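J.: Have a look at the structure that comes next, please.
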Amino acid sequence: MEKMPTPNVEKVEEIKKVENIENKAEHIPSKEEVLGVIGKYIEGDIKPSRELSDENGVYLIEVTIPDQDPANMGGTVEYLYIRKGEYGNNIASLTTEVHVVYYDTDGIPCGGDQKDIFNGEEWKEVK
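For the sequence shown, my numbering begins at 22 and goes up steadily by one.
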C-alpha cells in the first residue's frame with residue numbers, strides 16, 4: 022500500500038491567509054465619513070454640490086466653495102471624493118481619495134492636489 026504524502030502545514034496556513042484576504046470585504050466609506058475628511062479643509066457647513074451613489078453607497082461627492090485666497094481673485098475651490106472603481110460616464114478611479122481643484126473666475130481649473138487617500142481601512146493625509 023502506497024503511503025499518502027503529509028500536507029505541508031506552513032503551506033496550508035499560507036493558503037488560508039490568502040483566502041481570508043480575498044474574502045475580506047473592503048470597507049466603503051460612508052457619506053458622513055467622507056464629509057468628515059473634507060471638513061478638515063472647510064470651515065462651516067459642508068453642502069455637496071453633486072453626489073452620486075450606487076448599490077454600495079456614495080462613490081462621488083463634490084463640494085464647491087468660494088476661494089478665500091485673494092491671489093485667486095474670487096475663483097472657486099472644489100473638493101472631490103471618488104471611490105475606487107468604474108462607474109460609467111467616464112467616472113473611474115484606481116484609488117479611493119479626496120482631491121482639491123482650484124478654479125479661476127472663468128471656471129477654468131488652475132491647480133489642484135490630492136489631499137487624502139483611503140487604504141481600505143483608514144484615511145491617510147497626503148503630505
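Every residue, glycine too, gets a C-beta built ideally from N, C-alpha and C. Every value quoted in this text rests on a predicted model; they were computed, and no experiment measured them.
What's the call for arginine 104, buried or exposed, on a 16-neighbour Cβ count within 10 Å?
T.: In the sequence shown, the residue the question calls residue 104 occupies position 83. Buried, by the Cβ-count rule.
J.: Note the first and the last residue of the continuous beta strand (DSSP E) segment covering lysine 105.
T.: The residue given as residue 105 occupies position 84 in the sequence shown. Going by DSSP, lysine 105 is part of no beta strand (DSSP E) at all; its letter is neither H nor E.
J.: Cβ of aspartate 134 within 7 Å of Cβ of tryptophan 144?
T.: The residue given as residue 134 occupies position 113 in the sequence shown. The residue given as residue 144 occupies position 123 in the sequence shown. In this structure, tryptophan 144 does not lie closer than 7 Å to aspartate 134 by Cβ.
J.: Count the other CB atoms, across all protein chains shown, that sit within 10 Å of the CB of proline 50; report buried if there are 16 or more and exposed otherwise.
T.: In the sequence shown, residue 50 corresponds to position 29, counting from 1. By the neighbour-count rule (16 or more Cβ atoms within 10 Å), proline 50 is buried.
J.: Look up glutamine 135 in the DSSP assignment and give the residues it is bridged to.
T.: For the purposes of this step, residue 135 is taken as the residue at position 114 of the sequence shown. Looking at the DSSP assignment, glutamine 135 forms a beta bridge with His120.
J.: Is the beta carbon of isoleucine 86 less than 7 Å from the beta carbon of valine 55?
T.: For this step, residue 86 is matched to residue 65 along the sequence shown. For this step, residue 55 is matched to residue 34 along the sequence shown. Cβ atoms of isoleucine 86 and valine 55: not closer than 7 Å.
J.: Could you give the C-beta distance for tyrosine 80 and valine 121, rounded to a whole number, given that I count them as a contact under 8 Å?
T.: One-based indexing of the sequence shown puts residue 80 at position 59. One-based indexing of the sequence shown puts residue 121 at position 100. Contact doesn't hold; Cβ gap of about 18 Å is too wide.
J.: Do valine 58 and valine 119 have their C-beta atoms within less than 7 Å of each other?
T.: In the sequence shown, residue 58 corresponds to position 37, counting from 1. In the sequence shown, residue 119 corresponds to position 98, counting from 1. Cβ atoms of valine 58 and valine 119: closer than 7 Å.
J.: Helix, strand or coil for glutamate 53 per DSSP?
T.: On the sequence shown, position 32 is the one that residue 53 refers to. The answer is helix: DSSP assigns glutamate 53 an H, G or I state.
J.: Could you give the first and the last residue of the continuous beta strand (DSSP E) run that contains isoleucine 86?
T.: Start at 1 with the first residue of the sequence shown, and residue 86 comes out as number 65. First-last of the beta strand (DSSP E) with isoleucine 86: 78-87.
J.: Just reading off the beta strand (DSSP E) that leucine 73 is part of, what are its end residues?
T.: Residue 73 sits at position 52 when you count from the first residue of the sequence shown. Note, leucine 73: beta strand (DSSP E), 71-75.
J.: Going by other Cβ atoms of all chains shown within 10 Å of its Cβ, with 16 needed for buried, is leucine 115 buried or exposed?
T.: For the purposes of this step, residue 115 is identified with residue 94 of the sequence shown, where counting begins at 1. The residue in question, leucine 115, is exposed, as its Cβ has fewer than 16 Cβ neighbours within 10 Å.
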